[in-house]
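The next block holds one structure in the form of structure tokens; read it before the comments.
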Ligand SMILES: [Zn+2]
Ligand SMILES: [Zn+2]
């Protein structure tokens, strides 16, 4: 009978394990193989550190992501002093003659917020005070305000225009068959124009977007290389849902480059619809403050202007509905593109 589970004693299984470790951590294949072979050796700590499964998984490399470490068995045996002051009770401890615990504070992996499991600090305790552990540190909370977008001027690349982006999640109902589609509306407000006026920078934005596959509805080509992560599963009041639009670029440290990373109110059914379709329509255009520069249908301009007068606001983007977005795309005032939804949350 053929079996799918590889025997870990076979060299091929070790190699496969090393491949996975290298892929998960970015380690060189040879270093990963050395590590896998080392982790397969029978090892007991030199001092009386009472280790738990999660600490063993850390030492063996099983729980590393986005970063590789050296021989942590040797580290614990030779570099971690067995003489210490307990981080719980404040009394001295000695792992040479009493059972002791070690706790590593490590950043929890998140592909967008903390793409490497970094070991930040080490705590030591009497085993009676606290068991050993990996204390995963939650990733930072995502801001409610999107990060600014900077685009270099195509005439003078040393000069960058600054845009504030405002995202809205909208559900668009197809009038033909009543199916709903998830739409992400993004309005851009030119915050810094270097005295060139917002029109020049909105043109730069359009150039940038069309290079990325976001264009006028009538000459649309492929989908963008961007992916959208919708982080809505474990949302609470303290941690509202958030989204990330990852561009195809990766920074040198493995951090994904984001067009957008922020908290976002998601209407009922939006995330499910986006996941069902595997993509969302990304609609991008100028903030209502810049509508003098765009071929926005007059009805829409009037409608938004009326709402603004009542509320004394300057930006009317919050009043835009999915129907408006469709009209804005049809009139070519706004650009549209398709962004794939990352299927896995992690
Ligand atoms: Zn203690
Ligand atoms: Zn606006």
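Residue numbers (this note's numbering): 644 to 989. A virtual CB, placed ideally from N, CA and C, is assigned to each residue, including glycine.
Does the Cβ of residue i lie closer than 7 Å to at least one heavy atom of ligand 1?
i: residue 739; result: no
i: residue 990; result: Beyond the ends of the chain as shown, which are 644 and 989, falls residue 990; an answer cannot be given.
i: residue 736; result: yes
i: residue 768; result: yes
i: residue 823; result: no
i: residue 587; result: The chain is shown from 644 up to 989; residue 587 falls before or after that span and cannot be answered.
i: residue 1050; result: It is not possible to answer for residue 1050, since the shown part of the chain is limited to 644 through 989.
i: residue 772; result: yes
Helix, strand or coil, according to DSSP, for residue i in the structure here?
i: residue 815; result: strand
i: residue 685; result: coil
i: residue 956; result: coil
i: residue 772; result: coil
i: residue 767; result: strand
i: residue 798; result: coil
i: residue 932; result: helix
i: residue 662; result: helix
i: residue 926; result: strand
i: residue 915; result: helix
i: residue 940; result: coil
i: residue 778; result: strand
i: residue 887; result: strand
i: residue 947; result: helix
i: residue 647; result: Here residue 647 scores only 49 on pLDDT, less than 50, and its place in the model should not be relied on; the value that follows carries that caveat. Note: residue 647 maps to coil in three-state DSSP.
i: residue 750; result: strand
i: residue 984; result: strand
i: residue 825; result: strand
i: residue 705; result: coil
i: residue 722; result: helix
i: residue 680; result: helix
i: residue 971; result: helix
i: residue 653; result: coil
i: residue 878; result: coil
i: residue 716; result: helix
i: residue 976; result: coil
i: residue 784; result: coil
i: residue 989; result: Residue placement at residue 989 is poorly supported in this model, since its pLDDT is 47, which falls under 50; the coordinates are not used for a value here.
i: residue 762; result: strand
i: residue 693; result: coil
i: residue 830; result: strand
i: residue 892; result: strand
i: residue 901; result: strand
i: residue 739; result: coil
i: residue 807; result: strand
i: residue 672; result: helix
i: residue 910; result: coil
i: residue 731; result: coil
For a test of your reading of the model: does the CB of residue i fall under 7 Å from any non-hydrogen atom of ligand 2? Yes or no.
i: residue 932; result: yes
i: residue 805; result: no
i: residue 905; result: no
i: residue 809; result: yes
i: residue 592; result: Absent from the structure is residue 592, since the part of the chain shown begins at 644 and ends at 989.
i: residue 958; result: yes
Using 8 Å for Cβ pairs, my map puts residue i next to residue j. What's the rounded Cβ distance?
i: residue 814; j: residue 802; result: Not quite, the Cβ-Cβ distance comes to about 39 Å (not below 8 Å), so this is no contact.
i: residue 888; j: residue 982; result: 6 Å
i: residue 849; j: residue 796; result: Between residue 796 and residue 849 the Cβ distance is about 13 Å, and since that is not below 8 Å, they are no contact.
i: residue 857; j: residue 923; result: Actually they are not in contact, since the Cβ atoms of residue 857 and residue 923 sit about 12 Å apart, beyond 8 Å.
i: residue 823; j: residue 916; result: 5 Å
i: residue 771; j: residue 751; result: That pair is no contact at about 28 Å.
i: residue 810; j: residue 792; result: Residue 810 to residue 792, Cβ: 12 Å. No contact.
i: residue 757; j: residue 906; result: Between residue 906 and residue 757 the Cβ distance is about 17 Å, and since that is not below 8 Å, they are no contact.
i: residue 778; j: residue 743; result: That belief does not hold up - the Cβ atoms of residue 778 and residue 743 are roughly 16 Å apart, past 8 Å.
i: residue 834; j: residue 805; result: 5 Å
i: residue 984; j: residue 921; result: 6 Å
i: residue 972; j: residue 860; result: 5 Å
i: residue 708; j: residue 760; result: 5 Å
i: residue 746; j: residue 775; result: 6 Å
i: residue 711; j: residue 670; result: 3 Å
i: residue 841; j: residue 936; result: 7 Å
i: residue 681; j: residue 716; result: 7 Å
#### Entry: Contained beta strand (DSSP E) runs [length at least 3] in the segment 840-869, N- to C-terminal order
The qualifying runs do not exist here; there are none.
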